[in-house]
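Residue numbers (full-length UniProt numbering), protein chains in the order written: chain A, 1 to 377; chain B, 1 to 377.
Cβ coordinates follow ideal geometry from the N, Cα and C atoms, glycine included.
There are 2 protein chains.
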Amino acid sequence: MSAFLFEIAAVDGKARTGQLVTPRGAIRTPAFMPVGTAATVKALYPEQVRQAGADIILGNTYHLMLRPGAERVQRLGGLHRFMRWDGPILTDSGGFQVWSLAQLRKMEEEGVTFKSHIDGTSHKLTPERSIEIQADLLGADISMQLDECTPFPCPRQEAESSMELSLRWAKRSKEAFGDREAQNLFGIVQGSTFEDLRQRSAQGLVETGFDGYAVGGLAVGEGFETMCEVLNYTVPELPHERPRYLMGVGKPIDLVEAVARGIDMFDCVMPTRSGRHGQAWSDYGPVNLKNAQFAEDSDPLDPAIDCPASRDYSKAYLHHLVRAGEYLAAMLLSWHNVAYYEHLMARMRAAIAKGEFDSFRRDFNDRWAEGRKSRAE
Amino acid sequence: MSAFLFEIAAVDGKARTGQLVTPRGAIRTPAFMPVGTAATVKALYPEQVRQAGADIILGNTYHLMLRPGAERVQRLGGLHRFMRWDGPILTDSGGFQVWSLAQLRKMEEEGVTFKSHIDGTSHKLTPERSIEIQADLLGADISMQLDECTPFPCPRQEAESSMELSLRWAKRSKEAFGDREAQNLFGIVQGSTFEDLRQRSAQGLVETGFDGYAVGGLAVGEGFETMCEVLNYTVPELPHERPRYLMGVGKPIDLVEAVARGIDMFDCVMPTRSGRHGQAWSDYGPVNLKNAQFAEDSDPLDPAIDCPASRDYSKAYLHHLVRAGEYLAAMLLSWHNVAYYEHLMARMRAAIAKGEFDSFRRDFNDRWAEGRKSRAE
Numbered sequence: 001m002s003a004f005l006f007e008i009a010a011v012d013g014k015a016r017t018g019q020l021v022t023p024r025g026a027i028r029t030p031a032f033m034p035v036g037t038a039a040t041v042k043a044l045y046p047e048q049v050r051q052a053g054a055d056i057i058l059g060n061t062y063h064l065m066l067r068p069g070a071e072r073v074q075r076l077g078g079l080h081r082f083m084r085w086d087g088p089i090l091t092d093s094g095g096f097q098v099w100s101l102a103q104l105r106k107m108e109e110e111g112v113t114f115k116s117h118i119d120g121t122s123h124k125l126t127p128e129r130s131i132e133i134q135a136d137l138l139g140a141d142i143s144m145q146l147d148e149c150t151p152f153p154c155p156r157q158e159a160e161s162s163m164e165l166s167l168r169w170a171k172r173s174k175e176a177f178g179d180r181e182a183q184n185l186f187g188i189v190q191g192s193t194f195e196d197l198r199q200r201s202a203q204g205l206v207e208t209g210f211d212g213y214a215v216g217g218l219a220v221g222e223g224f225e226t227m228c229e230v231l232n233y234t235v236p237e238l239p240h241e242r243p244r245y246l247m248g249v250g251k252p253i254d255l256v257e258a259v260a261r262g263i264d265m266f267d268c269v270m271p272t273r274s275g276r277h278g279q280a281w282s283d284y285g286p287v288n289l290k291n292a293q294f295a296e297d298s299d300p301l302d303p304a305i306d307c308p309a310s311r312d313y314s315k316a317y318l319h320h321l322v323r324a325g326e327y328l329a330a331m332l333l334s335w336h337n338v339a340y341y342e343h344l345m346a347r348m349r350a351a352i353a354k355g356e357f358d359s360f361r362r363d364f365n366d367r368w369a370e371g372r373k374s375r376a377e
Numbered sequence: 001m002s003a004f005l006f007e008i009a010a011v012d013g014k015a016r017t018g019q020l021v022t023p024r025g026a027i028r029t030p031a032f033m034p035v036g037t038a039a040t041v042k043a044l045y046p047e048q049v050r051q052a053g054a055d056i057i058l059g060n061t062y063h064l065m066l067r068p069g070a071e072r073v074q075r076l077g078g079l080h081r082f083m084r085w086d087g088p089i090l091t092d093s094g095g096f097q098v099w100s101l102a103q104l105r106k107m108e109e110e111g112v113t114f115k116s117h118i119d120g121t122s123h124k125l126t127p128e129r130s131i132e133i134q135a136d137l138l139g140a141d142i143s144m145q146l147d148e149c150t151p152f153p154c155p156r157q158e159a160e161s162s163m164e165l166s167l168r169w170a171k172r173s174k175e176a177f178g179d180r181e182a183q184n185l186f187g188i189v190q191g192s193t194f195e196d197l198r199q200r201s202a203q204g205l206v207e208t209g210f211d212g213y214a215v216g217g218l219a220v221g222e223g224f225e226t227m228c229e230v231l232n233y234t235v236p237e238l239p240h241e242r243p244r245y246l247m248g249v250g251k252p253i254d255l256v257e258a259v260a261r262g263i264d265m266f267d268c269v270m271p272t273r274s275g276r277h278g279q280a281w282s283d284y285g286p287v288n289l290k291n292a293q294f295a296e297d298s299d300p301l302d303p304a305i306d307c308p309a310s311r312d313y314s315k316a317y318l319h320h321l322v323r324a325g326e327y328l329a330a331m332l333l334s335w336h337n338v339a340y341y342e343h344l345m346a347r348m349r350a351a352i353a354k355g356e357f358d359s360f361r362r363d364f365n366d367r368w369a370e371g372r373k374s375r376a377e
């Protein structure tokens, strides 16, 4: 396996900044990956995603295998060409969506059989088929091993056997992936909220050897404190020299606290989903543009962010668009939110590089708490 | 009154090309105005509307007076600033939407009282209030007189009394509009499908004197042939030296045939509405991207149009986006459709300027008929 060059330029406490260098371009870390579920980052043009500061996006194996179909994407030149995104793409393995969206799942050692939430057709995902879809058919730059995601809370015995299954699938995924020059494969740590299970999972993955390591099974309802605790004992088990990816997280405060614990990569639907529901993210938390207080507010969302959606449109106009249910509301708020998330990552990278991450983190927590307090009033 | 300079650069048969010069920029004619109903051309950024070739857009008085409210728009700096469109804006009078959308209308000599389709609140539009909203509060570059629109078919007696009411409202509109340096007012010809009524309406308006003349009361179900016939006898009654505007029309073939009859300006929701329903316009008619035939078609919609939506995305990708119900489907198809409409206007202007409009029109009709035939097969 040829792991992408991962250059750590600066370390500040447990936080690190650097870049993961792929043939399709460098990913500045800590990195946030906007989610392009069905081959589109919802309500955004690919050029906007790039200009907002994203170096890499995430694609969903589950959605793409069902529609338009992985073989079809391949015949059309692969996912990058299909959706006009020439930067790196990370695909998930499909496991999480089978667990959260599909119906009538049947888990076996071999893999998982499920019915599509779109048309009820039957499909099977095995570690080998997931790699084939991600690496061969979609052409992902970074593929993820197939894993099983456990709910929260999860009985210890269930968490243990599921984690062990994910470990066996990790080995099969690596075997199926083989040796590729221009593509990487990440393993996924499971084990729910049990310290020893997380440690055994991490150690098993490191023994097998992956190009990067993800922490899975979080952001499933365990809450902020528990998530932080799991990171506290899981991240130290992961190799310093390879990228660490916290899957499906999260709110801005989650990102800051996870970076403080040594995480390098994130993905989350939050910025685009919130944008479709009239919300704009800020250091003070979410802002609901539908609120009457914005009806005649001629200020922009955030003039410090170099994005037209953040800088050039008034809150009064956004309020009107949200109230009127206009497409442009979702378009502008999704755009702002992605730009805000990417801007936040850039600010963290700069703070780490300057050795000022502690004070950045403290100030951010203050602003977040202030926002929470004012929303509660 | 200071009528905008209207320069007719070339005449070819009854078709004319030139420009209407407003303080916010020149409008190249024949012109197509994308419709920005609720202060947004649906699913498009204002920059895209401009880059697609639109010199002017239309705003809807009815929608804007109900939400966000005309006085609010004024407090926020007027419609141009509110929606970030710095080119000219024409507003309709609100009459057509009262007729087609509002409930419990009460028509009187004074004006029309109606209930909002949004929240049931009562509102009143008079010729004077319509001018106040359009010219004073929204700040339209071109305002339209308040008129009454008749259904099709319409008994002669009803068409006659309605046309006469619209004429009286035209005079009151002009009186209310007064003398403005940087804004214009257009009158609207009514009279349904009765030649003598249309002529009396046109003559009455010309006598009063307007900066431009619109043909109203069409595109209400009368059909292509009848629309052409009404234009045949109405347009010659309008002064050669002022712009002529066919309201609410239409399909590409309608535009070509109306230009051939001497029309200079158009507006229609068709390109954006079709775009939200998976349709792309072409010289051959509408193309339904949902059709299975496009599932693996890697060609773009129309590489001859200098617009990313027309040139850079494959039909296979658009097919996928439409099937998946993605925002980007409406965004790209609306963008292509507006660019196609504007490109069609540019082609007509060039053909008229070169004295080749007859052959352009013939070729266009051939392509349109070919498309209709192949869709019927």
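Taking the straight line between their C-alpha atoms, what separation do you get for residue i and residue j?
i: residue 285(A); j: residue 348(A); result: 17 Å
i: residue 166(B); j: residue 126(B); result: 11 Å
i: residue 316(A); j: residue 325(B); result: 28 Å
i: residue 241(A); j: residue 3(A); result: 11 Å
i: residue 321(A); j: residue 298(A); result: 14 Å
i: residue 1(A); j: residue 138(A); result: Here residue 1(A) scores only 49 on pLDDT, less than 50, and its place in the model should not be relied on; the value that follows carries that caveat. Each residue's Cα considered, the two are about 19 Å apart.
i: residue 265(A); j: residue 59(B); result: 45 Å
i: residue 181(B); j: residue 330(B); result: 39 Å
i: residue 105(A); j: residue 119(A); result: 15 Å
i: residue 352(A); j: residue 301(A); result: 26 Å
i: residue 341(A); j: residue 269(B); result: 35 Å
i: residue 160(B); j: residue 178(B); result: 27 Å
i: residue 110(A); j: residue 337(B); result: 49 Å
i: residue 357(A); j: residue 262(A); result: 12 Å
i: residue 16(A); j: residue 256(A); result: 12 Å
i: residue 292(B); j: residue 319(B); result: 8 Å
i: residue 151(A); j: residue 217(A); result: 8 Å
i: residue 303(A); j: residue 84(B); result: 16 Å
Residues of chain A with a CB under 7 Å from the CB of residue i: which are they?
i: residue 393(B); result: In the structure displayed, chain B extends from 1 to 377; residue 393(B) sits before or after that span and is not available.
Taking only beta-carbon positions, decide if residue i is within less than 7 Å of chain A.
i: residue 152(B); result: no
i: residue 82(B); result: yes
i: residue 117(B); result: no
i: residue 316(B); result: yes
i: residue 100(B); result: no
i: residue 68(B); result: yes
i: residue 123(B); result: no
Run down chain D in chain order and give the residues with a C-beta less than 9 Å from the C-beta of residue i.
i: residue 62(A); result: Reference to chain D is not applicable here, since the protein chains of this structure are A and B.
When DSSP builds the beta bridges, which residues end up paired with residue i?
i: residue 367(B); result: Per DSSP, none; premise fails for residue 367(B).
i: residue 22(B); result: 25(B)
i: residue 451(B); result: As shown, chain B starts at 1 and ends at 377. That puts residue 451(B) outside it, with no answer to give.
i: residue 266(B); result: 32(B), 246(B)
i: residue 12(B); result: 15(B)
Counting only Cβ pairs nearer than 9 Å, list the residues of chain B close to residue i.
i: residue 312(A); result: 84
Give the residues of chain A in contact with residue i, contact being defined as C-beta atoms less than 8 Å apart.
i: residue 296(B); result: 72, 75, 76
i: residue 323(B); result: 67, 68
Quick one: is residue i near chain B, going by C-beta distance under 7 Å?
i: residue 277(A); result: no
i: residue 320(A); result: yes
Starting from the beta carbon of residue i, find every residue of chain A whose beta carbon is closer than 9 Å, and list them in chain order.
i: residue 330(B); result: 327
* Asked: What are the start and end residues of each continuous beta strand (DSSP E) run of 3 or more residues lying completely inside the stretch 24-107 of chain B, in chain order?
  -> 25-29, 31-36, 57-59, 89-91, 103-107
* Could you name each continuous beta strand (DSSP E) segment of 3 residues or more that falls completely within the stretch 110-169 of chain A, going from the start of the chain to the end? => Qualifying beta strand (DSSP E) stretches, in chain order: 112-115, 122-125, 142-144.
* To do: Please specify which runs of the alpha helix (DSSP H), each continuous and at least 4 residues long, are wholly inside the stretch 279-325 of chain B, giving them in chain order.
  => 308-311, 315-323
* For the stretch 164-247 of chain A, which segments carrying the beta strand (DSSP E) assignment without a break, of at least 3 residues, lie completely within its bounds, in sequence order? -> 184-189, 212-215, 244-246
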